[in-house]
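For the sequence shown, position 5 (counting from the first letter as 1) is numbered 9 according to the numbering used here, and the numbering increases by one without interruption.
Glycine included, each C-beta is placed from N, C-alpha and C at the ideal position.
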Amino acid sequence: QVQLVESGGGLVQAGGSLRLSCAASTSNFSVYDMYWHRQTPRKQRREFVARISSSGSRLYDNSVKGRFTISRDNDKNTVYLQMNSLKPDDTAVYYCGAQHMFRSYWGQGTQVTVSS
């Protein structure tokens, strides 16, 4: 079982920045592919934002490419999401996920609100 705890959300004006963190409670953090997803009030399902694999390769949704950066620190068992040039459409609950083999785990989420 892996527990994930997100932090760093909050209220920011459009054009501003936030950095989300996700701390994982596992001794094998480096083997996990790590994800950020988000869910807006209007949508019923979570949508993919970014992924960083165990080998460090990165993938982004087109809506955040060039503005968001995912990174990881395996020594700290933590994954980050640096969000720049934020837009009101980025307002959502952001969830951190971990996946290895056929198991996946998700955190409770952190709210990000971008005011216009």
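Would you kindly work out how many angstroms separate the C-alpha atoms of residue i and residue j, rounded to a whole number?
i, j, result
"Thr-82", "Cys-26", "5 Å"
"Ser-29", "Glu-10", "12 Å"
"Ile-56", "Met-38", "5 Å"
"His-104", "Lys-80", "18 Å"
"Arg-42", "Asn-78", "23 Å"
"Val-53", "Ile-74", "9 Å"
"Gly-20", "Ser-120", "11 Å"
"Phe-33", "Thr-95", "28 Å"
"Ser-58", "Ala-102", "10 Å"
On the CB-based measure, 16 or more other CB atoms within 10 Å of its CB, does residue i come out buried or exposed?
i, result
"Leu-15", "exposed"
"Val-116", "buried"
"Asp-93", "exposed"
"Thr-114", "buried"
"Gly-60", "exposed"
"Arg-50", "buried"
Quick check on the DSSP output: the beta strand (DSSP E) that includes residue i runs from which residue to which?
i, result
"Gly-101", "96 to 104"
Since residue i sits in a beta bridge, which residues does DSSP pair it with?
i, result
"Leu-63", "Arg-55"
"Gly-14", "Val-116"
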